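> Heads up: the protein sequence lines correspond to chains D and V, in order. Numbering-wise, the first sequence is residues 1 to 113 according to our numbering. Numbering-wise, the second sequence is residues 1001 to 1116 according to our numbering. Once you've had a glance at the structure underneath, I'll fire off some questions.
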Amino acid sequence: GENVEQHPSTLSVQEGDSAVIKCTYSDSASNYFPWYKQELGKGPQLIIDIRSNVGEKKDQRIAVTLNKTAKHFSLHITETQPEDSAVYFCAASRDTGGFKTIFGAGTRLFVKA
Amino acid sequence: NAGVTQTPKFRILKIGQSMTLQCTQDMNHNYMYWYRQDPGMGLKLIYYSVGAGITDKGEVPNGYNVSRSTTEDFPLRLELAAPSQTSVYFCASSLPPRGGFNYGYTFGSGTRLTVV
Chain D
1 GENVEQHPST
11 LSVQEGDSAV
21 IKCTYSDSAS
31 NYFPWYKQEL
41 GKGPQLIIDI
51 RSNVGEKKDQ
61 RIAVTLNKTA
71 KHFSLHITET
81 QPEDSAVYFC
91 AASRDTGGFK
101 TIFGAGTRLF
111 VKA
Chain V
1001 NAGVTQTPKF
1011 RILKIGQSMT
1021 LQCTQDMNHN
1031 YMYWYRQDPG
1041 MGLKLIYYSV
1051 GAGITDKGEV
1061 PNGYNVSRST
1071 TEDFPLRLEL
1081 AAPSQTSVYF
1091 CASSLPPRGG
1101 FNYGYTFGSG
1111 TRLTVV
């Protein structure tokens, strides 16, 4: 069946460094790719998303890139801060052929002050 | 703006007991979802609804039931609780797809359920 692989499972960076999380999807019909941030004890929160008709999107310190040919998308966080420490989930979604959104297993990001 | 509200936040059930997890949203979203999150794992879809009176199974529906009598409410019912249902449950809502694209979800803060 369809799946989304997310790497790495854990990432530790120094404050001010960049962090990159990568996801690969298998369903070629996926056309919407959201990223969620989950802080301890809270529900996931949408932080950025990208549609298949766009190759890159940026919002302040975070950016997402999409390579449809390789079925690969990535989250980039620049100038990391301690408050960026959380679990990040990617997801791949499509609307055709029935509703389906598949989540990655998550990446736990630690930003060391 | 409350967003998605889930109750209770924590619950301990004994094997075989039943309970209802409540979820309500005030954003007038047609689409609502129930996910479970096991430790160190991603989110698995239990049930979803595209509008009042319409529900459908997700990846892991066994042992659960849902109803959607209003746009705002989407309760999840656990019948005959089992230890395998120990998990954190998240309710979410979203706008319906437009132009062939889905929209992102707004999640509730979760219900942590332990079955002993």
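All residues carry an ideal CB built from backbone N, CA and C; glycine is no exception. Please read these numbers as outputs of a predicted model, since none were measured by experiment.
So is residue 40 of chain D buried or exposed if we call it buried at 16+ other beta carbons inside 10 Å?
Residue 40 of chain D comes out exposed.
> Can you check the segment 1009-1066 of chain V for any beta strand (DSSP E) of at least 3 residues that lies completely inside it and give the ranges in chain order?
The segment 1009-1066 of chain V contains these whole beta strand (DSSP E) runs: 1010-1013, 1019-1025, 1031-1037, 1043-1051, 1054-1057, 1064-1066.
> Examine the ligand NAP and report whether any of its heavy atoms sits within less than 6 Å of the Cβ of residue 1012 of chain V.
With respect to small molecules bound, the structure shown includes none, and the ligand NAP cannot be examined in it.
> Among residues of its own chain, excluding the 5 on either side of residue 78 of chain D, which ones have a beta-carbon nearer than 7 Å to its beta-carbon?
Cβ within range, chain order: 18, 61.
> Using a Cβ cut-off of 7 Å, pull out every chain V residue sitting near residue 93 of chain D, in sequence order please.
Here the neighbours are 1102.
> Which chain V residues are close to residue 42 of chain D, counting only those with a beta carbon under 8 Å from its beta carbon?
By Cβ distance, chain V contributes 1109, 1110.
> Would residue 1068 of chain V be called buried (16 or more neighbouring beta carbons within 10 Å of its own) or exposed?
Residue 1068 of chain V should be labelled buried.
> If you compare alpha carbons, which of V:1094, V:1099, V:1116 is closest to residue 45 of chain D?
Out of V:1094, V:1099, V:1116, V:1094 has the C-alpha closest to the C-alpha of residue 45 of chain D.
> Roughly how many angstroms lie between the CA atoms of residue 1015 of chain V and residue 112 of chain D, to the nearest whole one?
C-alpha separation (whole angstroms): 42 Å.
> Only counting the same chain, and skipping five residues up and downstream in sequence, which positions put a Cβ closer than 7 Å to that of residue 7 of chain D?
So the list reads 22, once near-sequence residues are dropped.
> Taking the alpha-carbon of residue 95 of chain D as reference, which of V:1089, V:1104, V:1092, V:1034 has the nearest alpha-carbon?
Residue V:1104 is the option with its Cα nearest to residue 95 of chain D.
> Hey, how far is the Cα of residue 1113 of chain V from the Cα of residue 1073 of chain V?
Answer to the nearest angstrom: the Cα atoms are 20 Å apart.
> Mind checking who residue 59 of chain D pairs with in its DSSP beta bridge?
According to DSSP, which records beta bridges pairwise, residue 59 of chain D is partnered with D:62.
> In the DSSP assignment, what are the bridge partners of residue 1073 of chain V?
V:1024, per the DSSP bridge assignment.
> For the beta strand (DSSP E) that contains residue 74 of chain D, what are its first and last residues?
Its beta strand (DSSP E) spans residues 72-77.
> Could you work out which residues of chain V lie near residue 67 of chain D, taking near to mean beta carbons separated by less than 7 Å?
Neighbours of residue 67 of chain D on chain V: none; closest Cβ ~18 Å, over 7 Å.
> Please compile the residues from chain V whose C-beta is within a distance smaller than 9 Å of the C-beta of residue 45 of chain D.
Correct list: 1106, 1107.
> Out of V:1065, V:1017, V:1021, state which residue places its alpha-carbon closest to the alpha-carbon of residue 1010 of chain V.
Among V:1065, V:1017, V:1021, the Cα nearest to that of residue 1010 of chain V is on V:1021.
> At a CB-CB cut-off below 8 Å, which residues of chain V make contact with residue 55 of chain D?
In chain order: nothing, as chain V lies at least about 15 Å away.
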